[in-house]
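Residue numbers (this note's numbering), protein chains in the order written: chain A, 48 to 160; chain B, 1274 to 1388.
The C-beta atom is built at its ideal place from N, Cα and C for all residues, glycine as well.
Below is one structure, written out as structure tokens; comments come after it.
Written out as structure tokens, the structure is:
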């Protein structure tokens, strides 16, 4: 079946530090991979995506590369800001046309000034 | 409104009672999804509508859970004979046919507490 394993949090970093949040997946086919973010008091929103192996998704300074050989989709940012404090969810879809997503457990990031 | 709207934002009920949670998707979005999120967990898929029909209800945990979308817009998630284990955040999302694959627009959720 499909599943996503995500680095447990919480993660606390100082402003301008480098961020990595690990994500690995198990899928029966060729999934699409996503990172969603939930800012305090808001709904989940798509941060970035990659639909095939070696694709790199990027947005707001965040990047993640779809690695089929290691079944991973790690999220990185070179210099975090206080405004990046949020919960980050790795997710996959089966890529069969349906858009329902399988989510990881989420990683809470707190960035301190 | 501009986003997905869910009501109520909070619902406290007693074990055995019936509950309805409502979702108003973004106008024009034909696909609608319900997810359930327990504390410390990621959202778990419950059901997916394309228009008025349930295209995939494989995530509904048992027959106490039911969802409808009679006019292809607003959806209601119905839970009968609630149990304490049903306590969770219930999330609704919508997406646009032909939009970015996997881009779901989520509401802020309805938090259900069963005492």
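Collapsed DSSP secondary structure at residue i in the structure displayed
i: residue 155/A; result: strand
i: residue 130/A; result: helix
i: residue 1358/B; result: helix
i: residue 1350/B; result: strand
i: residue 1385/B; result: strand
i: residue 83/A; result: strand
i: residue 1337/B; result: coil
i: residue 169/A; result: Summary: the structure shown does not reach residue 169/A, with chain A confined to residues 48 through 160, and so no result is reported for it.
i: residue 1342/B; result: coil
i: residue 1379/B; result: strand
i: residue 136/A; result: strand
i: residue 1321/B; result: strand
i: residue 69/A; result: coil
8 Å Cβ cutoff, residue i in contact with chain B
i: residue 50/A; result: no
i: residue 153/A; result: yes
i: residue 109/A; result: no
i: residue 147/A; result: yes
Endpoints, beta strand (DSSP E) assigned at residue i
i: residue 1370/B; result: Per DSSP, residue 1370/B belongs to no beta strand (DSSP E) and is neither H nor E.
i: residue 1329/B; result: 1326-1329
i: residue 50/A; result: 50-53
i: residue 95/A; result: 92-97
i: residue 104/A; result: 103-106
i: residue 1304/B; result: 1304-1310
8 Å Cβ cutoff met for residue i and residue j
i: residue 68/A; j: residue 122/A; result: yes
i: residue 1312/B; j: residue 1383/B; result: no
i: residue 138/A; j: residue 51/A; result: yes
Among the options, nearest to residue i - alpha-carbon criterion
i: residue 107/A; options: 124/A, 147/A, 54/A; result: 124/A
i: residue 1381/B; options: 1327/B, 1370/B, 1365/B; result: 1365/B
i: residue 101/A; options: 88/A, 89/A, 116/A, 109/A; result: 116/A
i: residue 1298/B; options: 1385/B, 1367/B, 1326/B; result: 1367/B
i: residue 114/A; options: 129/A, 126/A, 96/A; result: 96/A
Residue-level contact to chain A via CB, residue i, 8 Å cutoff
i: residue 1306/B; result: yes
i: residue 1321/B; result: yes
i: residue 1329/B; result: yes
i: residue 1316/B; result: yes
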